[in-house]
Amino acid sequence: MPAGLPLNNKVALITGSTSGIGLALAEALAKAGANIMLNGLGDQGEIETIRTQMADTHNVDVRYHNADMTCPDAIADLVAHTQSAFGRLDIAIANAGIQHVAPVDEFPIEKWDAILAINLSSAFHLTRAALPIMKAQKSGRIINMASAHALVASPYKSAYVAAKHGLAGLTKTVALEIAQDGITCNAICPGYVKTPLVEAQIAPTAKARGISEEAVVRDVLLAAQPTKAFVEYDHLAGMLLYLVSDAGASVNGAVLSIDGGWTAQ
Ligand code: NAD
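As numbered in the numbering used here, residues 3 to 267 make up the sequence shown, in order.
The following block contains the structure:
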């Protein structure tokens, strides 16, 4: 293990870290010296390649657990497994998320249930399981990956917007409960980041609105983002590394925008 890095001997668990933002944040935490518990769906061979490359590149211990974020028992097992593998848990990031785009009166009920389970309830189950460990350590950082959609709405995303608004409420409530335990709980609210989740929205949004895919990117996705540029992984990693640092100890219950000015409007 490399000496002298800010997160040496720290342990970070990131749900949904086999792709997109979660993978980028896991990489950033590993680069800062943390040992990592990966989680998420995907091809097991590809995940094993991600795991070994991350461990080799950053010379840290990287493990993987396949907990499905729709299963409370699996989430509890993910946390228990992290503690038994590493002996501690310093950073817990509820990042896994899915999207479905449809008018509310046509919204498939099973999609509503899945989005609420994965994007909101899994953060509750993660926090519920992680807090006893963090309280015993008298230290910890809980980060919920929310969205600009935790603060404002867009049409055709009723479940996602409801779940992300709920995540902001969960974040604030947990922050008040753990404020004197050496733990913080905060939410990060990105604008659009060009991940597989966003790429997958382009065609359905074009269909729902009856416009071209190019017009979706220009006039729908980045229409609300005054910078007219996607938020980059490094911008999110910078905020995360601050929140998990000692300097971030007084940031608690914050719902932090990183959206190029979207929610300033
Ligand atoms: P992504 O599709 O690239 O990654 C999602 C991750 O969640 C993957 O690792 C996937 O395997 C995992 N996942 C999905 N369902 C799961 C389940 N049932 N159990 C376990 N893991 C599961 O998406 P992303 O864009 O990187 O999104 C990550 C988070 O960031 C989400 O919460 C999303 O809402 C949020 N977010 C994304 C954007 C954006 O523009 N991409 C903006 C704001 C917020």
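Just so it is clear, CB atoms sit at the ideal spot from N, CA and C, and this is done for glycine as well.
What's the gap between the Cα of M147 and the Cα of N61?
-> Between the alpha carbons of M147 and N61 lies a distance of about 26 Å.
Rounded straight-line distance, which links the Cα of G6 to that of S160
Approximately 46 Å, taken between the alpha carbons.
Please say whether V222 and R211 have beta carbons closer to each other than 8 Å?
-> yes
* Where R220 sits in the DSSP three-state scheme -> In the structure shown, R220 sits in a helix (DSSP, three-state: H, G or I).
*Taking the CB atoms as reference points, tell me whether I95 and V64 lie closer together than 8 Å.*
Not in contact: I95 and V64 (Cβ atoms no closer than 8 Å).
Nearest neighbour of A251, chosen from P8, E29, G142 and M136 [CA to CA] = G142
### Message
Do S259 and C187 have their beta-carbon atoms positioned less than 8 Å apart in this structure?
### Response
No, these two residues do not count as a Cβ contact at 8 Å.
Fill in: Nearest-angstrom Cβ-Cβ length linking Y194 and V163, presumed shorter than 8 Å
That belief does not hold up - the Cβ atoms of Y194 and V163 are roughly 14 Å apart, past 8 Å.
### Short Cβ contact (8 Å threshold) for A98 with T17
yes
Figure out for me which residue from I100, A249 and I23 has the closest Cα to the Cα of I185. A249
Segment contact flag, the region 68-80 with the region 172-182, C-beta cutoff 8 Å, min 3 pairs
no
Along the chain, where does the beta strand (DSSP E) containing G6 start, and where does it finish? It is not in any beta strand (DSSP E) - G6 carries neither H nor E in the DSSP assignment.
_First through last residue of the alpha helix (DSSP H) which encompasses T175_ = Per DSSP, T175 is one residue of the alpha helix (DSSP H) stretching across S160 to E179.
**Study point:** CA nearest to the CA of L238, picked from R130, A78, G89 and G262
**Key:** G262
Please report how far the alpha carbon of H102 lies from the alpha carbon of L153, in whole angstroms.
18 Å
* Using only the heavy atoms of ligand 1, determine whether one of them is closer than 7 Å to the beta carbon of M71. => yes
Exposure label - L9; buried when at least 16 CB within 10 Å: buried
Looking only at its chain, what residues have a beta carbon closer than 8 Å to the beta carbon of T54, apart from the 5 residues adjacent to it on each side?
V64
Given this structure, state the Cα-to-Cα distance separating I23 from P105, to the nearest angstrom. If I take the Cα positions, the gap works out to 27 Å.
Legend entry - A202 versus D183 - alpha carbon distance: Their Cα atoms are separated by approximately 40 Å.
* Asked: Looking at the structure shown, is L25 part of a helix, part of a strand, or coil, going by DSSP?
  -> helix
Can you find the residues in the same chain that come closer than 6 Å, C-beta to C-beta, to T20, ignoring five residues on each side of it along the sequence?
Contacts found: G42, G44 and I49.
Comparing the CB of S21 with every heavy atom of ligand 1, is any distance shorter than 7 Å? yes
CB of T165 within 8 Å of CB of L118, strictly: The sequence as given places Ala at residue 165; Thr does not occur at that position. Yes; because the gap between Cβ atoms is below 8 Å, this pair is in contact.
Whole-angstrom distance between Y158 and A28, CA atom to CA atom:
31 Å
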